[in-house]
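Report on one structure; see the data block that follows.
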Amino acid sequence: MPSADSSDEPASFFLTTPIYYVNDAPHIGHAYTTVAGDVLTRWHRQRGERVHFLTGTDEHGTKVERTAQAAGVSPQEWCDRLVEDSWKPVLRTVDAANDDFIRTTEPRHEKGVQRFWEVLREAGHCYASTYEGPYCVGCEEFKLPGDLLEGGLCPVHGTPVEMLSEENWFFRLSAFSEALLAHYEANPTAVQPESAYNEVVSFIKQGLQDISMSRSSVAWGVPLPWDASQVVYVWFDALLNYATAVGFGTDDERFAQTWPADVHLVGKDILRFHAIYWPAMLLAAGLPLPRQVFAHGWLLVGGEKMSKTKLTGIAPSAIVDHFGSDAFRYYFLRAIPFGSDGSFSWEDMSARYKSELADQFGNLASRLTSMVERYRDGVLPAPVPNEQLSAALQQAASDADTAIDVLDLQSAINAAMGFVRTVNNYVTETEPWKLAKDEARAGDLDAVLYCTAESLRAAAVLLNPVIPKACSVLWSSLGAEAQLGPISEQRVDQVARWGQLPAGARVTKSDPLFPRLDELSDAGGRETAPGG
RNA sequence: GGGGAGGUAGCUCAGCCGGUCAGAGCAGCGGACUCAUAAUCCGUCGGUCGUGGGUUCGAGCCCCACCCUCCCCA
Numbered sequence: 288m289p290s291a292d293s294s295d296e297p298a299s300f301f302l303t304t305p306i307y308y309v310n311d312a313p314h315i316g317h318a319y320t321t322v323a324g325d326v327l328t329r330w331h332r333q334r335g336e337r338v339h340f341l342t343g344t345d346e347h348g349t350k351v352e353r354t355a356q357a358a359g360v361s362p363q364e365w366c367d368r369l370v371e372d373s374w375k376p377v378l379r380t381v382d383a384a385n386d387d388f389i390r391t392t393e394p395r396h397e398k399g400v401q402r403f404w405e406v407l408r409e410a411g412h413c414y415a416s417t418y419e420g421p422y423c424v425g426c427e428e429f430k431l432p433g434d435l436l437e438g439g440l441c442p443v444h445g446t447p448v449e450m451l452s453e454e455n456w457f458f459r460l461s462a463f464s465e466a467l468l469a470h471y472e473a474n475p476t477a478v479q480p481e482s483a484y485n486e487v488v489s490f491i492k493q494g495l496q497d498i499s500m501s502r503s504s505v506a507w508g509v510p511l512p513w514d515a516s517q518v519v520y521v522w523f524d525a526l527l528n529y530a531t532a533v534g535f536g537t538d539d540e541r542f543a544q545t546w547p548a549d550v551h552l553v554g555k556d557i558l559r560f561h562a563i564y565w566p567a568m569l570l571a572a573g574l575p576l577p578r579q580v581f582a583h584g585w586l587l588v589g590g591e592k593m594s595k596t597k598l599t600g601i602a603p604s605a606i607v608d609h610f611g612s613d614a615f616r617y618y619f620l621r622a623i624p625f626g627s628d629g630s631f632s633w634e635d636m637s638a639r640y641k642s643e644l645a646d647q648f649g650n651l652a653s654r655l656t657s658m659v660e661r662y663r664d665g666v667l668p669a670p671v672p673n674e675q676l677s678a679a680l681q682q683a684a685s686d687a688d689t690a691i692d693v694l695d696l697q698s699a700i701n702a703a704m705g706f707v708r709t710v711n712n713y714v715t716e717t718e719p720w721k722l723a724k725d726e727a728r729a730g731d732l733d734a735v736l737y738c739t740a741e742s743l744r745a746a747a748v749l750l751n752p753v754i755p756k757a758c759s760v761l762w763s764s765l766g767a768e769a770q771l772g773p774i775s776e777q778r779v780d781q782v783a784r785w786g787q788l789p790a791g792a793r794v795t796k797s798d799p800l801f802p803r804l805d806e807l808s809d810a811g812g813r814e815t816a817p818g819g
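For the first sequence, the positions run 288 to 819 when the working numbering is used.
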């Protein structure tokens, strides 16, 4: 994305996760999206761009209302509790540095939602009509055809649903088929990966139907400004968070500066809402469309999609408590091509932790820092050039940066880790421990130690978006902090400039970056066993 | 019911428009080395490419049928 801007203003990058349904129990699927967004935004920050990373919670709807009632509290109290006790802690668990957290029950959101639909209604994009659909009396709500069990039974009650109708307001979605198609034909990367793009385009080609955007049977929601008997249907409320969070309806100037989003990260299950309904809403309002909707795959456990009901939902903390947040972040992005489904297993997680994080990366840091301490009293020798390592670094940095542009997080990580491999190889081949035994070769030893340290400096910068805690420790351990400033301010577009670590930097051996862990107890155990 | 994705070494996966395409990483095995978190480096074993047909001089790669998994729509 070359920004043709000639100004000195740093590019801005606005990225979102979906807002998570507050009533769900947070599992690793939610954390996966959040982590991917966090890594992307950290990378963009290290490009020197102004970044805005948004996440939040979706809090309206009958289900919330009902569970709150069952718990004997108001829906608002119920949401407050879930947000504070369940959702915000997940961000800390996975070490996510979001810039904002929007809740759909906040005034800034509700105001924006009302403003938005008011605009659409005035522009003639809404009309009253009758909605008819399968309705479960037990749930007191309409179901989507896809929600029903075999034979048209309610998935909650297992009882037959009835066809019921109510007066609703409709959004003229059908009016935007052409415009959406034209947009996607002109912007083939606006929905990624390609399979998602194809799905969206063929769905639009089937013809879009107007869609009910309000509900009269629900109380916990944003009231329509012109019809207080109805609330905005939860999706048409939730999607607007991306706009209301950056000022739509409350701070027009800020909104104009920030919108549109560069990337909406979504799970493939909610692709249609983001790639069809949402852009159509924006077209209706005359607003710019998001530059890209990226649909990532499912996390599978034991070959099955995770779900709360099947007990396959794993809490992020279950993994982080054992492996740490860095390993969590690393594993899911490294092991699974972003955009594809991927399987999680404790075995694979353990194997990658050990082989890649501990043995390849962590151990390289140990090798270098021990040798500098042992052979040079912890004082880094003077910079010397190194063709081979410079070239490898240049390539890795460029490959990683290119990969990030297309959200290929796996390749970005592989590029950095490939460089780590090169450096391990370099150390083995140059045999500094032998040089150390020969006074006459002190200069050669200096060179090897410097080149290895300088390579680690670069590796730390490149991996910092993914494993920030470990890289920060390494950064200090290399004595880089004092000379070069905080690692988070190191630019990825400058990382390949050789010779940044200065002579005399204080190198100290730290605790292992990724210590060996105890074997996980009982084979295949833990709470991951697909519980019968 | 319609549409789509996928089934390739023990594991996770690459294989673009058919002709060194039978590959990588991990695991396993053997060797080198000792700075290091028993780490590193090198070498190596390993697959009738879901099943059955077909097209072709030649097919994981094309066609048909079937089996299995998953997704979307109805």
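Beta carbons: idealized from backbone N, C-alpha and C, even for Gly.
With DSSP run on the structure shown, which of helix, strand or coil describes residue i?
i, result
"Ile-389", "strand"
"Phe-619", "helix"
"Thr-596", "In this prediction, Thr-596 has a pLDDT of 48, which is less than 50 and means its spatial position is unreliable; nothing more can be read from the coordinates."
"Met-288", "Any reading at Met-288 must be qualified, since the residue scores a pLDDT of 39, below 50, and its modelled position is unreliable; no value is offered."
"Pro-305", "strand"
"His-551", "strand"
"Pro-313", "coil"
"Arg-408", "helix"
"His-347", "coil"
"Glu-371", "helix"
"Pro-362", "helix"
"Ala-727", "helix"
Taking Cβ to Cβ, would you say residue i is nearer than 7 Å to residue j?
i, j, result
"Ala-765", "Arg-784", "Correcting the residue type first, residue 765 is Leu in the shown sequence and not Ala. No, Cβ-Cβ distance for Leu-765 and Arg-784 is not below 7 Å."
"Tyr-471", "Val-488", "yes"
"Trp-456", "Cys-413", "yes"
"Lys-398", "Gly-534", "no"
"Leu-460", "Leu-407", "no"
"Thr-380", "Pro-603", "yes"
"Glu-346", "Thr-304", "no"
"Ala-652", "Leu-761", "yes"
"Leu-749", "Ala-687", "yes"
"Ala-669", "Ala-790", "yes"
"Val-351", "Trp-507", "yes"
Quick one: Cα of residue i to Cα of residue j, how far?
i, j, result
"Thr-795", "Glu-364", "50 Å"
"Gln-479", "Ala-582", "6 Å"
"Met-820", "Ile-700", "A question about residue 820 goes unanswered here, because the residues of the chain that appear run from 288 up to 819."
"Leu-680", "Met-500", "53 Å"
"Gln-697", "Asn-711", "21 Å"
"Ala-757", "Asn-528", "34 Å"
"Leu-552", "Val-580", "6 Å"
"Gly-335", "Gln-777", "9 Å"
"His-584", "Leu-667", "Residue 584 is actually Gly in this sequence, not His. Their Cα atoms are separated by approximately 45 Å."
"Thr-476", "Thr-328", "19 Å"
"Ala-312", "Tyr-618", "22 Å"
"Asn-310", "Ser-759", "35 Å"
Give me whichever residues DSSP pairs with residue i in a beta bridge.
i, result
"Ile-498", "Phe-458"
"Met-568", "Answer is none; Met-568 lacks a bridge partner."
"Met-704", "Paired residue(s): none; Met-704 is not in a bridge."
"Ser-452", "Glu-419"
"Thr-342", "Phe-388"
Can you tell me whether residue i is buried or exposed, with buried defined as 16 or more other CB within 10 angstroms of its CB?
i, result
"Pro-394", "exposed"
"Gly-772", "exposed"
"Ala-415", "exposed"
"Gly-730", "exposed"
"Met-704", "buried"
"Glu-741", "buried"
"Ser-627", "exposed"
"Arg-541", "exposed"
"Ser-516", "exposed"
"Trp-513", "exposed"
"Pro-802", "exposed"
"Arg-661", "exposed"
"Asp-608", "exposed"
"Ser-612", "buried"
"Gly-820", "There is simply no residue 820 to check, as the chain begins at 288 and stops at 819 in what is shown."
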